[in-house]
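Participant:
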Amino acid sequence: MNPEKPTIMGMAEFEPSAKCPNCNLIMYLGNRCPHCDHLLSQSEQKAQKLFWIKVRNKGYKKGLVFFSLFILIIWWAYGT
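Residue numbers for the sequence shown follow this note's numbering, so the first one is 1 and each next one is one higher.
(1) State the DSSP-derived secondary structure class of L69, mapped to helix, strand or coil.
(2) What did DSSP end up calling L64 once you bin it into helix, strand or coil?
(3) Does C33 pass the burial test, meaning 16 or more other C-beta atoms within 10 Å, or should it be called exposed?
(4) Determine the DSSP secondary structure at M1, reduced to helix, strand or coil.
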């Protein structure tokens with residue numbers, strides 16, 4: 001079985017929604033597992049949403065640090 005996968009980055013409705021507690025596979029585009037047909041409860045949905053927000057924000061922070069250092073190094077190398 002091939003589950004639906006997201007195609008548009010940055011939109012919450014197309015991000016991975018959860019890892020299934022039964023089969024431990026990633027569920028996309030919804031709260032029902034396409035592999036074992038498990039439906040997430042409301043508290044599980046909230047916990048998974050918070051988890052993916054933290055993952056996204058961690059990536060943004062790493063990107064900000066990387067590009068800031070990159071611009072600083074380029075400015076230092078070509079400015080002198």
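For every residue, glycine included, the Cβ atom is placed at its ideal position computed from N, Cα and C.
Facilitator: On the basis of the coordinates in this document:
(1) Your numbering for residue 69 matches position 69 in the sequence shown. Helix at L69.
(2) Taking the first residue of the sequence shown as 1, we reach residue 64 at position 64. L64 falls in the helix class under three-state DSSP.
(3) In the sequence shown, counting from the first residue as 1, residue 33 sits at position 33. The residue is buried, with at least 16 neighbouring Cβ atoms inside 10 Å.
(4) The residue given as residue 1 occupies position 1 in the sequence shown. Model confidence at M1 stands at a pLDDT of 46, short of 50, so the residue's coordinates are unreliable; what they give is reported in the following sentence. Coil at M1, not helix or strand.
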